[in-house]
Amino acid sequence: MSKNFNLSSPSPPLLLVFFVLFVVHPAVASVHDYKGEKFMSKGNAFVLHGGSEGLYSSLPNPNASAAAASGDSFIRFEKITLQRPEEAAASSKETDSVKVQAIVFEVEDRETIGGSAYGGQKAICCTADLAKLGVCTQGNLIYRPSAKNPDWPQIFSAYFTGKDVVATLPSKTISITKTGMYNVYFIFCDPALKGLVIEGKTVWKNPTGYLPGRMAPLKNFYGLISLAFVILGIFWFSQYARFWREVLPLQNCITAVIALGMFEMALWYLEYAEFNKTGVRPMGITFWAVTFGTIKRTIARLIILLVSMGYGVVRPTLGGLSSKVKMLGATFFLASEVLESVENLGAVSDLSGNARLFLVLPVAMLDAFFILWIFTSLSKTLEKLQARRLMAKLDIYRKFTNTLAVTVIVSVGWICYELYFKSTDVYNERWQRAWIIPAFWQVLTFSLLCVICILWAPSQNSMRYAYSADASEEFDREETFSLIKPGPFPSKDSQTASLTAENKAALKVSNNGDIEEDKRE
């Protein structure tokens, strides 16, 4: 069921609220509601997409008892009504009968829908030429029985008789006996029904619950990764409690990320469990899961950037860069929150490619900017640490740099695989493996967090990685030179008299060295 998103320009403080309340339509997933949906012209037919979901076959049910019915997999049509314009009804004759058809088919049988005469353009509705060949009845939907199952596709109809304004599609439950990606379409061929709208719903159920097949494995995945976060949290908080006097500001930020991750994963698990039970997404839980996740990702990126810049390790402040870092973090949070809200609070059926691209591009560009800034800052920090021979800090920064480099390489490789996966799976035939793509990103970010926790775990030696005024004297001097334009020293007779030729030369070399290094900054 397609959704249209009307993006206006609210004031910045209301942007998030606007999206949640007005732009983001409720997600119905396994319960597909049709509320005044209109049919679109496709070739010689008028079509409404009723939904697409991966469904597993029903579990064996030898006793056919009520208890065993929970293992059934089905698509159920409930209270589907069709209303045509009153003008169309008034112009009809009492003897007229106009048909609207619902078709349910598995994606492998897509070629059985429609046909063409003499190899011409494919039509959905039977044309006069095809009717002459005797392969269909003019004005009806064209289909052929499936080669694997003659009972499919499943088709049933609603009729407008005489001057009826409303027609009702009979309630029907279609049992799923074969695992596959199933599609529902509503179709009519008579142009006289143009302007027809549909009300009602279809309910899609898998053997284990109402979660769509491509999302069902994520329920167990979020349960496992929630447990992993608990184990990581126990390790981290125990170290934090033991060495709380030695804790660095950086370690406080890592603590916040772990706590947010625990909340996020627990909320996702609860969201999927409720979704699976009712077939309707719990909007409140989903919103907070999305928000906690976005805050966590934003803080994590900012922490990595600050560490790369040497904040709290080789520099006490960010100076003039503080406002830029805050601006980048706020922009990333807003862009990510909007994208995740639309994807998770919007319709589970497809979000149009153009709309999604419009939302994905800003996040991708901000991520690329983060990566560029992080590695540029890391390079400068490593140079400073090596020049000052701060070997303990240099060692941990080298390990941190290698970890980030591996993460970026793996991420690029997985993005390429994801593009390949989606570009070669136009009809979602590999839906049973689709859950691996979002799961991988969760595993990768969790792995990076684990490495950071190991490198910067609270210990009795934590303070050796903290900023030291003595060890960073040269660094502080460079920061001062970057803010104050160097000039000639005032000439004083007493100072000139006391300086030897060697001292003057040494001072000149020192000043030039600092200035040149500052320019490299």
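Count the sequence shown with mature numbering (1 follows the signal peptide of the UniProt record, and there is no 0) and you get residues -29 to -1, 1 to 492, in order.
The beta carbon of each residue, even a glycine, is placed where N, CA and C say it ideally should be.
From a predicted model like this one, the values you see are computed outputs, not experimental measurements.
Local Cβ density within 10 Å of Ile205, reported as buried at 16 or more and exposed below that: By 1-based counting over the sequence shown, the position of residue 205 is 234. That one is exposed.
Residue nearest to Thr226 in terms of C-alpha spacing, selected from Gly7, Asn432, Ile423 and Gly22: What you label residue 226 is simply residue 255 of the sequence shown in a count that begins at 1. The shortest C-alpha separation from Thr226 is found at Ile423.
Burial state of Gly283 (16 or more Cβ within 10 Å): Working through the sequence shown from its first residue, we reach residue 283 at position 312. Result: buried.
Classification of Leu101 by the beta-carbon crowding that lies within 10 angstroms, buried from 16 upward: Here residue 101 is taken as the residue at index 130 of the sequence shown, counted from 1. It is buried - the Cβ of Leu101 has at least 16 other Cβ atoms within 10 Å.
Backbone secondary structure at Gln109 - three-state DSSP: Residue mapping note: residue 109 aligns to position 138 of the sequence shown, counting from 1. Taken through DSSP and simplified to helix, strand or coil, Gln109 comes out as coil.
Where Trp215 falls, given that 16 or more other Cβ within 10 Å makes a residue buried: Your numbering for residue 215 matches position 244 in the sequence shown. Classification for Trp215: exposed.
The stretch 106 to 124 touching the stretch 69 to 81, judged by at least three CB pairs closer than 8 Å: Yes, since at least three Cβ pairs between the stretch 106 to 124 and the stretch 69 to 81 fall closer than 8 Å, the two stretches touch.
Coarse secondary structure for Leu26, derived from DSSP in three states: Looking up residue 26 in the sequence shown gives position 55. Looking at Leu26 - three-state DSSP - the assignment turns out to be strand.
For Lys248 and Tyr130, the rounded distance between their alpha carbons: Counting from 1 along the sequence shown, the entry for residue 130 is found at position 159. Counting from 1 along the sequence shown, the entry for residue 248 is found at position 277. Computed Cα separation, rounded: 35 Å.
Beta bridge counterpart(s) of residue 506 as assigned by DSSP: For the chain, the structure presents residues -29 to 492; residue 506 sits outside this window and is missing.
Separation of Ala376 from Lys370, as counted between CA atoms: Locating residue 370 in the sequence shown gives position 399, where the first residue counts as 1. Locating residue 376 in the sequence shown gives position 405, where the first residue counts as 1. Rounded to whole angstroms, Lys370 to Ala376 spans 10 Å at the Cα level.
Beta-carbon proximity list for Asp321, same chain, < 6 Å, skipping 5 on both sides: Stepping through the sequence shown from its first residue, residue 321 is reached at position 350. Reliability of the predicted coordinates at Asp321 is poor, the pLDDT of 41 falling under 50, and the value obtained from them is presented with this limitation in mind. So no residue of the chain qualifies.
Three-state secondary structure (DSSP) of Asp4: Along the sequence shown, one-based indexing puts residue 4 at 33. The answer is strand: DSSP assigns Asp4 an E or B state.
At least 3 beta-carbon pairs within less than 8 Å: the stretch 255 to 262 vs the stretch 292 to 305: By the C-beta criterion, the stretch 255 to 262 is judged not to be in contact with the stretch 292 to 305, since fewer than 3 inter-stretch pairs fall below 8 Å.
For Met280, three-class secondary structure by DSSP: Here the question's residue 280 lines up with position 309 in the sequence shown. Three-state DSSP puts Met280 in coil, outside helix and strand.
In chain order, each alpha helix (DSSP H) run of at least 4 residues that lies wholly inside the stretch 288 to 365: 293 to 316 and 324 to 359
Short Cβ contact (8 Å threshold) for Leu19 with Leu140: Looking up residue 19 in the sequence shown gives position 48. Looking up residue 140 in the sequence shown gives position 169. No, the Cβ-Cβ distance between Leu19 and Leu140 is not below 8 Å.
8 Å Cβ cutoff met for Gly184 and Leu26: Position 213 of the sequence shown holds residue 184. Position 55 of the sequence shown holds residue 26. In this structure, Gly184 lies near Leu26, with their beta-carbon atoms less than 8 Å apart.
Neighbourhood of Leu365 by C-beta distance below 8 Å, restricted to the same chain and skipping five residues each side: As a first step, residue 365 is located in the sequence shown; it is residue number 394 there, counting from the start. Within the same chain, Leu365 has close Cβ partners Leu353, Leu356 and Gln357.
Assigned secondary structure, Ala138 (DSSP; H/G/I helix, E/B strand, else coil): The count along the sequence shown starts at 1 and reaches residue 138 at position 167. In the three-state reduction of the DSSP assignment, Ala138 falls in the strand class.
Straight-line gap, Leu426 to Leu419 (C-alpha atoms, nearest Å): As a working note, residue 426 is residue 455 in the sequence shown. As a working note, residue 419 is residue 448 in the sequence shown. Cα to Cα, the separation comes out at about 11 Å.
For Cys160, three-class secondary structure by DSSP: If you number the sequence shown from 1, residue 160 lands on position 189. Collapsing the DSSP output to three states places Cys160 in coil.
Same chain only: Cβ atoms within 6 Å of Lys134, ignoring 5 sequence neighbours per side: Your numbering for residue 134 matches position 163 in the sequence shown. Taken in chain order, the residues that qualify are Ala60 and Ser63.
Ala237 versus Phe263 - alpha carbon distance: Here residue 237 is taken as the residue at index 266 of the sequence shown, counted from 1. Here residue 263 is taken as the residue at index 292 of the sequence shown, counted from 1. So the two alpha carbons sit approximately 11 Å from each other.
Enclosing beta strand (DSSP E) for Thr132 [first to last residue]: Numbered from its first residue, the sequence shown carries residue 132 at position 161. Unbroken beta strand (DSSP E) run through Thr132: Gln125 to Thr132.
Val218 to Asn432 span [Cα, whole Å]: Here residue 218 refers to the residue found at position 247 of the sequence shown. Here residue 432 refers to the residue found at position 461 of the sequence shown. Cα-Cα distance, rounded: 10 Å.
Counterpart residues of Trp175 in DSSP-defined beta bridges: Counting from one through the sequence shown, the residue named residue 175 turns up at place 204. Bridge partners of Trp175: Ile46.
Own chain residues within Cβ distance below 7 Å of Val136, not counting five before or after: Translated into positions along the sequence shown, residue 136 becomes position 165. Gln54, Arg55, Glu57 and Ala60, listed in sequence order.
Helix, strand or coil at Met11 according to DSSP, with G and I counted as helix: Mapped onto the sequence shown, residue 11 falls at position 40. Looking at Met11 - three-state DSSP - the assignment turns out to be strand.
Within 8 Å, strictly: CB atoms of Tyr156 and Gly281: Here residue 156 is taken as the residue at index 185 of the sequence shown, counted from 1. Here residue 281 is taken as the residue at index 310 of the sequence shown, counted from 1. Taking 8 Å as the Cβ cut-off, Tyr156 and Gly281 do not qualify as a contacting pair.
Ala73: first and last residue of the uninterrupted beta strand (DSSP E) it sits in: Mapped onto the sequence shown, residue 73 falls at position 102. Looking at the DSSP string, the run of the beta strand (DSSP E) that includes Ala73 is Ser68 to Glu77.
Reduced DSSP secondary structure (H/G/I, E/B, other) of Met233: If you number the sequence shown from 1, residue 233 lands on position 262. Helix.
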